[in-house]
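Data block below; observations after.
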Amino acid sequence: MADAPPKTVLELLTLAAGYLGKKGVPSARREADALLGHVLGCDRLHLYLRFEEQPLAAEVDAFRALMLRRGEREPLQYLTGRCRFLDFQVACDKRALVPRPETEGLAKLALRLLGQPQGRRVADIGTGTGCLALALAKAGAQATAVDLSREALALAGENAASLGLGLALLQGDLCAPLRGLEPFDLIVSNPPYIALGELDGLQPEVGRWEPALALFSGPEGLDAARALLAQAQAHLAPGAWLAMELGQGQPARLAPEARALGWAEARVEKDGFDVERFLACRRAA
Numbered sequence: 008m009a010d011a012p013p014k015t016v017l018e019l020l021t022l023a024a025g026y027l028g029k030k031g032v033p034s035a036r037r038e039a040d041a042l043l044g045h046v047l048g049c050d051r052l053h054l055y056l057r058f059e060e061q062p063l064a065a066e067v068d069a070f071r072a073l074m075l076r077r078g079e080r081e082p083l084q085y086l087t088g089r090c091r092f093l094d095f096q097v098a099c100d101k102r103a104l105v106p107r108p109e110t111e112g113l114a115k116l117a118l119r120l121l122g123q124p125q126g127r128r129v130a131d132i133g134t135g136t137g138c139l140a141l142a143l144a145k146a147g148a149q150a151t152a153v154d155l156s157r158e159a160l161a162l163a164g165e166n167a168a169s170l171g172l173g174l175a176l177l178q179g180d181l182c183a184p185l186r187g188l189e190p191f192d193l194i195v196s197n198p199p200y201i202a203l204g205e206l207d208g209l210q211p212e213v214g215r216w217e218p219a220l221a222l223f224s225g226p227e228g229l230d231a232a233r234a235l236l237a238q239a240q241a242h243l244a245p246g247a248w249l250a251m252e253l254g255q256g257q258p259a260r261l262a263p264e265a266r267a268l269g270w271a272e273a274r275v276e277k278d279g280f281d282v283e284r285f286l287a288c289r290r291a292a
């Protein structure tokens, strides 16, 4: 960004968008708007109403620091510290993946599978920010959030506290922390599903900044999903469901494997972008 102090908010945004564009950041102007709105404490509409204002030196300095980090392709959500998920917001930082729109689709699928969530027992495996568990708890379910990462689990707990929702937090690998607990009416998971060899093809925001533990799962990207298919039935009530978000082509590939493991039903479901994204498996009644 230019060293000369900008005279107006609009000039600052124009300089910032140009800088981000040169750094290869997609939707550079929209991202500049979001970051300056974060610094000034206003939404995009009110930012536009302030185009002719002269920003304070402290505001310019704070914005420039964020722009330099975004130019290094650090995710926008890590810079603002917030991410919207369905109808609520969660804190978001490098302890966990940034929640995706596809995962909102998984939350909606989980609620459909539950039917009446009030009082139902659900577990979210690999909870990250806690967004899935929190969406189910917000709908009235008794939610348990599991993660191998203590840091991610702490973030989920912080988000639960800020939303005034109760989550049971368990640290451990996949379904292992569920041993000895009462059966669940639903297990939901957005497990790691990227193949180890695909790192170089990822966007910098993902491969360089998001936690590898939540991204990669063996040479095919399927180790965690297969382990869940093998483990989850023992922790589900009869007729209950396991719902997972997976990579493109993976749900159809795993559905026959699920049936071979004794799941009574294995359904492939599409996300909001018409991609076969989810695998829903029902335990026999």
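Quick note, the sequence shown lines up with residues 8 to 292 if you use the numbering used here.
Where is the CB? At the ideal position from N, CA and C, for every residue including glycine.
How would you write the range of the beta strand (DSSP E) that residue i sits in, first residue to last?
| i | result |
| --- | --- |
| A244 | L243 to E252 |
| S196 | F191 to S196 |
| T15 | Segment: none, T15 is in no beta strand (DSSP E) and carries neither H nor E. |
| R89 | R89 to F92 |
| R128 | R128 to I132 |
| F70 | Segment A64 to G78 is the alpha helix (DSSP H) holding F70; no beta strand (DSSP E) there. |
| F95 | F95 to A98 |
Classify residue i as helix, strand or coil using the three-state DSSP reduction.
| i | result |
| --- | --- |
| K29 | helix |
| F285 | strand |
| Q240 | helix |
| Q84 | helix |
| D230 | helix |
| A273 | strand |
| D154 | strand |
| R215 | coil |
| A24 | helix |
| A292 | coil |
| A183 | helix |
| A221 | helix |
If you drop the 5 nearest sequence neighbours on each side, which residues of the same chain put their C-beta closer than 6 Å to that of residue i?
| i | result |
| --- | --- |
| A140 | D131, T134, A150, A152 and L174 |
| R36 | A24 |
| V195 | A117, D131, L139 and A250 |
| L206 | G214 |
| E217 | L104 |
| T87 | H45 |
How is the alpha helix (DSSP H) around residue i delimited, first residue to last?
| i | result |
| --- | --- |
| R266 | Q257 to A267 |
| T110 | P108 to L121 |
| K145 | C138 to K145 |
| L170 | R157 to L170 |
| D40 | A35 to L47 |
| L177 | L177 -> not in any alpha helix (DSSP H); beta strand (DSSP E) instead, spanning L174 to Q178. |
| Y55 | R51 to Y55 |
Can you list, in chain order, the residues of its chain whose CB lies under 8 Å from that of residue i, leaving out five sequence neighbours each side?
| i | result |
| --- | --- |
| A221 | A103, L104, G133, G135, S156, A159 and P199 |
| E66 | V46 and L47 |
| E264 | R233 and L236 |
| Q210 | R80 |
| R57 | V16, L47 and C49 |
| P226 | A202, L203 and G204 |
Since residue i and residue j should fall inside the 8 Å C-beta cutoff, what is the C-beta to C-beta distance between them, to a whole number of angstroms?
| i | j | result |
| --- | --- | --- |
| G246 | A292 | 4 Å |
| A250 | A144 | 16 Å between Cβ atoms; not a contact. |
| L181 | A231 | 7 Å |
| L120 | L193 | 6 Å |
| R290 | L243 | 5 Å |
| N197 | V97 | Between V97 and N197 the Cβ distance is about 14 Å, and since that is not below 8 Å, they are no contact. |
| L83 | E38 | 6 Å |
| P13 | L22 | 6 Å |
| V32 | R91 | Incorrect: roughly 20 Å between the Cβ atoms, too far for contact. |
| L162 | D100 | 7 Å |
Here's a check: name, in chain order, each residue in its chain whose Cβ is nearer than 7 Å to the Cβ of residue i, leaving out the five neighbours to either side.
| i | result |
| --- | --- |
| F223 | P199, I201 and L203 |
| G126 | G147 and Q149 |
| T266 | Per the sequence presented here, residue 266 reads as Arg, with Thr not at that position. Cβ neighbours of R266 beyond the five flanking positions: A273. |
| G171 | none |
| Per the contact definition of three or more C-beta pairs closer than 8 Å, is the region 103 to 121 in contact with the region 272 to 289? | yes
| query | Given 8 Å as the limit, is there contact between the region 241 to 260 and the region 283 to 291, that is, 3 or more CB pairs closer than that? | reply | Enough Cβ pairs lie closer than 8 Å, so yes.
| query | Should the region 117 to 131 be regarded as contacting the region 187 to 195, the criterion being three or more beta carbon pairs within less than 8 Å? | reply | With a cut-off of 8 Å, the region 187 to 195 and the region 117 to 131 count as touching, because enough Cβ pairs lie within range.
| request: Evaluate contact between the region 63 to 81 and the region 29 to 46, counting only Cβ atoms and requiring at least three cross-stretch pairs below 8 Å. | output: yes
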